[in-house]
Amino acid sequence: MLQPPHGGPGQDPPGGDPGPRGGPPAQPGPAWSPSSTAPGTPSQGGWPTAGQADPGRETPSAHPLGGERQIEPTPRANRGCAIALLGTAAVTVLLLLVGGVTAAVWLDADGGEYSVAPDCSVAEGEVLSRLVPAHETVLAERIDTEGQEWWEGHQCVWETAATAVEPPAKVALYTMRNENRPGAGGEEQAATDLADDSRGHEAVAVEELGDEALAWYDNGNRFGCVGVRTSNLYVSSCYYASTDYSGTRTVPQDEALKGAEELARDVVARIETGS
Numbered sequence: 001m002l003q004p005p006h007g008g009p010g011q012d013p014p015g016g017d018p019g020p021r022g023g024p025p026a027q028p029g030p031a032w033s034p035s036s037t038a039p040g041t042p043s044q045g046g047w048p049t050a051g052q053a054d055p056g057r058e059t060p061s062a063h064p065l066g067g068e069r070q071i072e073p074t075p076r077a078n079r080g081c082a083i084a085l086l087g088t089a090a091v092t093v094l095l096l097l098v099g100g101v102t103a104a105v106w107l108d109a110d111g112g113e114y115s116v117a118p119d120c121s122v123a124e125g126e127v128l129s130r131l132v133p134a135h136e137t138v139l140a141e142r143i144d145t146e147g148q149e150w151w152e153g154h155q156c157v158w159e160t161a162a163t164a165v166e167p168p169a170k171v172a173l174y175t176m177r178n179e180n181r182p183g184a185g186g187e188e189q190a191a192t193d194l195a196d197d198s199r200g201h202e203a204v205a206v207e208e209l210g211d212e213a214l215a216w217y218d219n220g221n222r223f224g225c226v227g228v229r230t231s232n233l234y235v236s237s238c239y240y241a242s243t244d245y246s247g248t249r250t251v252p253q254d255e256a257l258k259g260a261e262e263l264a265r266d267v268v269a270r271i272e273t274g275s
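Numbering-wise (full-length UniProt numbering), the sequence shown opens with residue 1 and increments by one.
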């Protein structure tokens, strides 16, 4: 967390229009309508800017926070199954010689503890209802990986309904699961997703959350975000809330970060316990 990371372009974020694809967000506007439907991204305008992802990555479709997740293409054999099998056998023998049995096992591993990325229902509960009163689901769908089977994910956005009496608030969540692939392990890629999401911000470590977690605040767009890696799974939550009905005044930075962390902890706890 979590077109990433680690995607089509995001739409209007609270406070202003995002920049062009791959560019910085525009200056915040005077107000945000709670009916705006698209989040930004960790690497695009709108939602928290996460910096530049790895160069030379392919571009699948919509990223949970909008924008694009750029990922390295999976190497593909082009000489037929027989050649591919021979190559795999040769590599396995070599790994057994220099790396021992564990290296050979790596080739067949699923890349980590998790075999599926949780969908948006993992966030539905008391914490979400408290952070975003009278919320409605704006986005809840699988991420299009364009046929790359070594990773999958879901992207989710909830916001206060336009008819609600409460000031507008919005939460974006994405989950991404990675498997081992030539050149990178599932847990390694999940760690890269976290690094890509937080890049460009003053990220601080969050203790006792997953295997590693970072929190950061986007000053330009006034979002608090928390990214968490647990084994080969990456989860990112971002939270925005206004103190007035026009959306021109937002909650303090520490409150936005607290909300993002509360949701991240709730989601990760559900994932880890299977509840």
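Built from N, CA and C at the ideal position, the CB exists for glycine as well.
Check residue i in the structure and name its three-state DSSP category.
i	result
residue 186	helix
residue 119	coil
residue 113	coil
residue 105	Note that residue 105 scores a pLDDT of 39, beneath 50, so its modelled location is shaky; the value from the coordinates is reported in the next line. If DSSP states are grouped into helix, strand and coil, residue 105 belongs with the helices.
residue 249	coil
residue 132	coil
residue 212	strand
residue 141	strand
Once you ignore the five residues that flank residue i on each side, which residues in its own chain have a CB closer than 6 Å to its CB?
i	result
residue 242	167, 168, 250
residue 191	229
residue 113	231
residue 143	153, 155
residue 120	140, 154, 156
residue 118	175, 271
residue 164	134
Can you tell me the Cβ-Cβ gap for residue i and residue j, rounded? I've got them flagged as a contact below 8 Å.
i	j	result
residue 150	residue 136	Residue 150 to residue 136, Cβ: 33 Å. No contact.
residue 209	residue 138	Between residue 138 and residue 209 the Cβ distance is about 26 Å, and since that is not below 8 Å, they are no contact.
residue 213	residue 206	4 Å
residue 253	residue 274	That pair is no contact at about 34 Å.
residue 215	residue 173	Wrong, their Cβ atoms sit about 15 Å apart, outside the cutoff.
residue 160	residue 134	6 Å
Taking Cβ positions, are residue i and residue j nearer each other than 9 Å?
i	j	result
residue 170	residue 132	yes
residue 152	residue 177	yes
residue 246	residue 263	no
residue 222	residue 240	yes
residue 111	residue 219	no
residue 204	residue 260	no
residue 187	residue 211	yes
residue 270	residue 147	no
Can you find the residues in the same chain that come closer than 7 Å, C-beta to C-beta, to residue i, ignoring five residues on each side of it along the sequence?
i	result
residue 128	135, 158, 171, 263
residue 198	50, 214, 216, 227
residue 116	177
residue 55	Residue confidence for residue 55 is low, a pLDDT of 38 falling below 50, so the modelled location carries little weight; the figure read from the coordinates is stated next. Excluding sequence neighbours, residue 55 sits near nothing in its chain.
Please go through the same chain and pick out, in chain order, the residues whose beta-carbon is closer than 8 Å to the beta-carbon of residue i, but skip the five residues on each side of it.
i	result
residue 244	167
residue 255	224, 241
residue 202	216, 217
Enumerate, from N- to C-terminal direction, the unbroken beta strand (DSSP E) stretches of 3 or more residues contained entirely within the stretch 152 to 208.
169 to 178
Beta strand (DSSP E) runs wholly inside the stretch 219 to 243, at least 3 long, in chain order:
223 to 230, 233 to 241
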